[in-house]
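Q: Here it is, the structure, as structure tokens.
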Amino acid sequence: MNAVFEFFVRLYNYQPLKYKFLLLALFLLVVVALILLFVVIKTRTERDLQERRYKRIKATLENIILDIIFQTDREKRSEQISGLKKLIDNPKSTVTRDATREMLTSMALQLDGDSLAVVTQIYRESGLKDLLVKELHEGDWDTKAAVIEEIGNVQLKELLFEVLKYTDYENELVRNKAQVVVLKLGGLRGLQFLDTLKTQLSEWQQIQLLNQLLKMQYSHFTQTEKWLKSSNDSVVLFGLKVTQNFMQFQDKDHVIKLLDHSNTEIVKKALKTISHLGLKSELDVVKMHYPNYPTELKVEVLKTIGELGDESDQLFLIDCLMSDDYFIVKEASNALIKIGQKNLLYQIKDSFPDYQREIIEHSLDERI
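Written as structure tokens, this is what we have:
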């Protein structure tokens with residue numbers, strides 16, 4: 000071995016200086032490559048060992064947890080949970096605890112009734128609930144969001160008021176998770192956060208909350224009056240969605256008042272809600288607002304008349320046909336057709352200037 004080493008040293012010494020640098024660089028590259036290869040092999044081996052260990056732990060835990068879930072004797076079940084707690088409390092490793100949480104959360108999404116109640120019991124008696132509260136208070140925003148979702152999945156209803164604290168949190172993901180979870184845990188009681196909400200509910204979040212409400216066995220919401228009077232525009236919009244989807248006719252007076260709202264989107268949604276509820280008797284009030292509205296809202300008023308109106312509204316619509324705005328003339332024509340005045344529109348179209356007449360003819364063309 001020494002002879003081989005001496006041979007390479009002599010060979011190196013006989014080389015010109017520029018080749019010495021090249022050989023030295025090549026040698027260093029080979030050494031670095033070997034070190035990197037060793038690190039990669041070592042890392043992969045350790046990862047494979049960890050994965051196999053994690054799978055073994057999960058397989059063992061699965062049997063333990065399933066035994067607990069299907070145990071009918073309460074005392075024996077509590078004893079089994081105590082045994083699981085000892086495994087979870089291992090101070091040297093959090094692997095067992097993390098695997099337990101992962102499995103329980105996954106199971107909770109597939110269970111209901113008594114089986115889900117046992118999963119919740121395991122969280123309470125094993126110390127996992129206390130851990131969740133600690134992580135909720137001390138964790139970063141991403142940890143808070145994950146913990147809030149976990150609380151909702153395993154139905155820890157006693158933590159409702161802990162989660163409520165985060166429904167107006169500065170981080171959008173955290174507050175969105177919290178808002179959905181308080182509704183899951185507390186039903187209508189959980190929606191009390193809307194009374195004081197300062198941040199805005201995105202359109203997507205409103206849909207998420209509404210979908211959660213639709214899963215529940217509710218047919219009447221007394222809280223909508225507060226929401227429709229809220230100083231938070233997004234809460235008003237959500238209140239209108241609830242009024243519309245649950246056909247809350249008792250809210251009609253509050254919906255009508257929103258026709259004077261400064262937010263255009265709220266007025267548009269109020270008009271759509273009036274149409275959806277079929278509030279034909281309120282059309283005169285709707286038409287009174289028409290002159291003061293911008294074009295965008297005038298078009299919405301005409302759509303509402305088209306949905307709810309009758310021949311008594313034809314004079315109002317004919318007057319709107321004189322507008323110089325394309326969209327107003329188009330929607331007024333459509334409204335007349337919808338209320339059954341298509342023949343009338345044919346009779347009067349030639350009496351209008353060319354601009355309006357062309358728009359009317361466009362509406363009358365059934366091929367468009």
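Mapping of the sequence shown onto numbering that gives the first Met the number 0: residues 0 to 367, in sequence order.
Glycine included, C-beta positions come from ideal geometry on N, C-alpha and C.
#1: Quick check on M169: does DSSP put it in helix, strand or coil?
#2: For K348, name the three-state secondary structure that DSSP assigns.
#3: Suppose you measure from the CA of P290 to the CA of K297; what does that come to, to the nearest Å?
#4: What three-state label does DSSP hand I338 in the structure shown?
#5: Taking 8 Å as the threshold, find out whether the region 236-245 comes into contact with the region 205-224 through three or more Cβ pairs.
#6: Going straight from the alpha carbon of L209 to that of V181, what length do you get?
#7: Can you check which of these residues, K197, F245 and G82, is closest to L212 by C-alpha distance?
#8: Evaluate T299 with the Cβ neighbour count: other Cβ atoms within 10 Å of its Cβ, from every protein chain shown; 16 or more gives buried, anything less gives exposed.
#9: Taking 6 Å as the limit between beta carbons, can you name the residues of its chain near S332, skipping five residues before and five after?
#10: Evaluate contact between the region 304-320 and the region 274-286, counting only Cβ atoms and requiring at least three cross-stretch pairs below 8 Å.
#11: In three-state terms, what does DSSP make of D324?
#12: Considering only the alpha carbon of each residue, which of Q243, T242, K128 and D232 lies closest to E368?
#13: Please classify F411 as buried or exposed, where buried requires at least 16 other C-beta atoms within 10 Å of its C-beta.
#14: For R366 and V173, what's the separation of their Cα atoms in angstroms?
#15: Would S350 be called buried (16 or more neighbouring beta carbons within 10 Å of its own) or exposed?
#16: With distances taken Cα to Cα, identify the nearest neighbour of Q214 among D194, Q205 and K183.
#17: How should M321 be labelled, buried or exposed, when 16 other C-beta atoms within 10 angstroms of its C-beta is the threshold for buried?
#18: Taking the Cβ atom as the reference point for each residue, do L316 and L335 lie within a distance shorter than 8 Å?
#19: Looking at the C-beta of H260, does it have a partner C-beta in chain B at a distance below 8 Å?
#20: If we call anything under 8 Å between Cβ atoms a contact, is V98 one with Y53?
A: Let me lay it out:
#1: Reading off the sequence shown, one finds Glu at residue 169, where the question assumed Met. If DSSP states are grouped into helix, strand and coil, E169 belongs with coil.
#2: helix
#3: 8 Å
#4: coil
#5: yes
#6: 13 Å
#7: F245
#8: As written in the sequence, residue 299 is Glu, which differs from the Thr given in the question. Buried.
#9: I359 and S362
#10: yes
#11: coil
#12: In the structure as shown, the chain starts at 0 and stops at 367, and residue 368 therefore has no counterpart that could be examined.
#13: The question about residue 411 has no answer here: the residues shown for the chain are numbered 0 through 367.
#14: The pLDDT assigned to R366 is 40, lower than 50, so where the model puts this residue is not dependable; a value taken from the coordinates is nonetheless given after this. R366 and V173: Cα-Cα distance of roughly 50 Å.
#15: exposed
#16: Here residue 214 is Lys; the residue named in the question, Gln, does not match the sequence. The shortest C-alpha separation from K214 is found at K183.
#17: exposed
#18: yes
#19: The structure shown contains no chain B; it holds only a single protein chain.
#20: A quick correction: the sequence has Ala, not Val, at residue 98. Result yes, Cβ atoms of A98 and Y53 sit closer than 8 Å.
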